[in-house]
Amino acid sequence: MSEVLAAEHPAAHRWIASERADDLAMTQAVADPLFTGFGRRWWVALLITLPFVLWLFGAIGWLFYRGIGIWGINSTIVWGVAIANYVWWIGIGNAGTLISAMLLLTRQKWRASINRFAEAMTLFAVAIAGLMPIIHLGRPIYAYWLAPYPNTMALWPQWRSALVWDFWAIISYLLFSLLFWYVSLIPDLATMRDRTPHRAGQLLYGAFALGWRGSAREWSRLQTLHTTMAALGVPLVCSVHSIVGLDFAASLMPGWQESIFPPYFVVGAMYSGFAMVVVLAAAIRWGLSLQAIITHRHFDVMARILLMASIVMFYSYATEWFMGWYGGEHAEREAVRFEFTGTYAPLYWALLACNCLIPQLLWWPFARRSLFILLPVAIAINIGMWLERILIVWNTLSHGYMPSLWRNFHFTFWDWTFLIAPLGLFAFLFLIFMRLIPSVSMFDMRELAHEEAAA
Amino acid sequence: MTAKLLAEFLDSEALRAALEPIRSTGHTALEAFTPYPVEGLADQLRQERSRLRVVMLAGGLATAAFAFGLQWYSAVIDYPINSGGRPLNSWQVFLLVPFEVGIFAAALAGVIGFLRSCRLPRLHDALFEIPGFERATQDRYFLLAASETDTAGLRKILARAGAVTVTELHAP
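If you read the protein sequences in the order shown, they are chains A and B. For the first sequence, my numbering assigns the number 1 to the initial residue and increments by one for each residue that follows. For the second sequence, my numbering assigns the number 1 to the initial residue and increments by one for each residue that follows.
Written out as structure tokens, the structure is:
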């Protein structure tokens, strides 16, 4: 579609693959497809995702009507797909802001190509994650009891409960991510306002651009705000997934009450989130023809981070096994044995293959630069991370302290529904985002192009 | 009478080079408009530093303190309940919620402070009337300068610095 910036091979600059990328070309490459439309490909993709959205909302309606017994959960395995989904989605949701904020603070200029859609990914993933604990409540109509408000029952939330921490962590993080994303979007919305040929676009983009003029004062304030928010965002993100880890670690169950859980969850979040960014970057690069802006070098550095995270994950698993054995507690040792040889052992071996073994391919430079290898690896990591989340739930609950309570989880149709349909909703929201909002930060790219002497 | 001129440049170097001659001839450089953040431009225009971070710190701390106070009041005074023998004032875990909401409140305070200090949102601005100013958010660099007496002299300085167009702003 957009042939404004032609990618050259080998790349002409470090992070920009075309020889010349002046301010105007950069703007045209990102913004103009939004005015002309994306053609049939986009509509077909949207139509494919739409049934999944309807399926999900229909399923939520059925769930509210029938109750959570429609899932394969039982009185032993009281948590199931919804909780695993919650942890998985919020993990993906953590990565966008974490990546964007950490790369901003460490002055990794290449973030300019990926930060916008990575942050959008965060917003959608956290919103989906936030649904999961609510639909898993036995009586979701009382979800608002988590909030402290003056009520006739004279009740207060139990502040020592991990669920209450979750509520505050998710809501703070979702709103923070929205602000962080919007702040860096204002200048690009102004560009859209000034470039769109449509009256409706001028009004809408104009309203959300808030009258931005790009003055030196506005820029310097915006940068101060954005870097300060990034510095606040990194500890926030780490705390959010740590709190999710505390849902498990603050219990007394074998395999859960481990002090490694919070940091191990944070690394897992970054890992699955980066894998998802790779998938989305490949999709956007292909869909919007942005080969000049999202280069092979970008995939190369993201693949290195995936490789590093895979090693840390393996180290975390090994620490779990070692501590289970070294602690000497019978139930803990039994939990590790059950992981490797119990009912869900095939899934556990698949998890280790997806998260620890397959990513080792990324030691080879050709694998990092070839999307035909990197993309399947990234998808495998996402599958492996989902398996990790569900197995954390299943292994411990299926095989707790009391042998008479040992039971297995059996997937029902509704478990598959809540596993698959949210992916469709995510893709649907992401397609709408791509159509309406510039997927790549144009002003950051202009700055990068000037630094790379491409402009 | 003060006259304001808006000069359009092709790159930020030309714009920066114009600042020195404007000042040395007694005119004022008011503001610059660029399509991306040009490093150090706000300092060169002698704009005051922002106190945004102080506002954020205050907003965040105040909200965190409020959240802690709320938990303490509800758990110790208004609804004391023995939960597994834990102390009523379980301050260690009461720090989690203040941390989360404190960071969000700091960000919100920052955004509000940012909007106020830049006088945003702004529905309209006189500069938007000027033909070609829409390129300030795309690929052109604009400098707004004021002259007390010698408008023609300022116009000459801007043109010599490489301005492609110079437009005089009329009072609304």
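Positions of the beta carbon are idealized from the N, C-alpha and C atoms, including for glycine.
- For residue 46/B, the closest Cβ of chain A is not nearer than 8 Å.
- Within a 10 Å sphere around the beta-carbon of residue 71/B sit 16 or more other beta-carbons, which makes this residue buried.
- With the rule of 3 Cβ pairs closer than 8 Å, the stretch 434–453 of chain A counts as touching the stretch 106–113 of chain A.
- Out of 174/A, 103/A, 64/A, the CA that lies nearest to the CA of residue 91/A is found in 174/A.
- With respect to residue 121/A, residue 80/A sits apart: the two C-beta atoms are not nearer than 8 Å.
- As DSSP reads the structure, residue 5/B sits in a beta bridge with 145/B, 168/B.
- About 6 Å separates the beta carbons of residue 225/A and residue 183/A, which is inside the 8 Å limit, making them a contact pair.
- Non-local beta-carbon contacts of residue 161/B in its own chain, meaning distances under 7 Å to residues more than five positions away in sequence, involve 14, 17, 18, 21 in chain order.
- Annotation note: the stretch 286–339 of chain A contains the following uninterrupted alpha helix (DSSP H) runs of length 4 or greater, listed N- to C-terminal: 296–327.
- In this structure, residue 355/A places its C-beta atom within 8 Å of the C-beta atom of residue 385/A.
- Closest by C-alpha distance to residue 178/A, out of 148/A, 274/A, 93/A, 59/A, is 93/A.
- In this structure, the straight-line span from the alpha carbon of residue 55/B to that of residue 113/B is close to 7 Å.
- The alpha-carbon of residue 330/A is positioned some 40 Å away from that of residue 147/A.
- In the structure shown, the three-state DSSP call for residue 5/A is coil.
- A straight-line Cα-Cα distance of about 23 Å links residue 44/A and residue 418/A.
- Not a single C-beta of chain A is nearer than 8 Å to the C-beta of residue 131/B.
- In the pairwise beta carbon analysis, the stretch 281–298 of chain A is classified as touching the stretch 3–19 of chain A: at least three pairs are separated by under 8 Å.
- For residue 224/A, the enclosing alpha helix (DSSP H) begins and ends at 216–249.
- Under the 8 Å Cβ criterion, the stretch 314–326 of chain A does not count as touching the stretch 28–36 of chain A, having fewer than three qualifying pairs.
- For the pair residue 4/B and residue 110/B, the Cα-to-Cα distance works out to about 32 Å.
- Looking only at 229/A, 232/A, 264/A, 231/A, the smallest Cα-Cα distance to residue 246/A is reached by 264/A.
- Boundaries of the alpha helix (DSSP H) around residue 448/A: 442–451.
- By alpha-carbon distance to residue 135/B, the top candidate from 85/A, 212/A, 125/A is 212/A.
- For residue 408/A, the closest alpha carbon among the candidates 71/A, 191/A, 328/A, 165/A is that of 71/A.
- If one requires a minimum length of 4 residues, the alpha helix (DSSP H) runs lying completely within the stretch 5–74 of chain A are 23–36, 40–66, in chain order.
- Per the C-alpha coordinates, the member of 25/B, 12/B, 10/B positioned closest to residue 149/B is 25/B.
- Listed along the chain, the chain A residues whose CB falls inside 7 Å of the CB of residue 61/B amount to none; the nearest CB is some 12 Å away.
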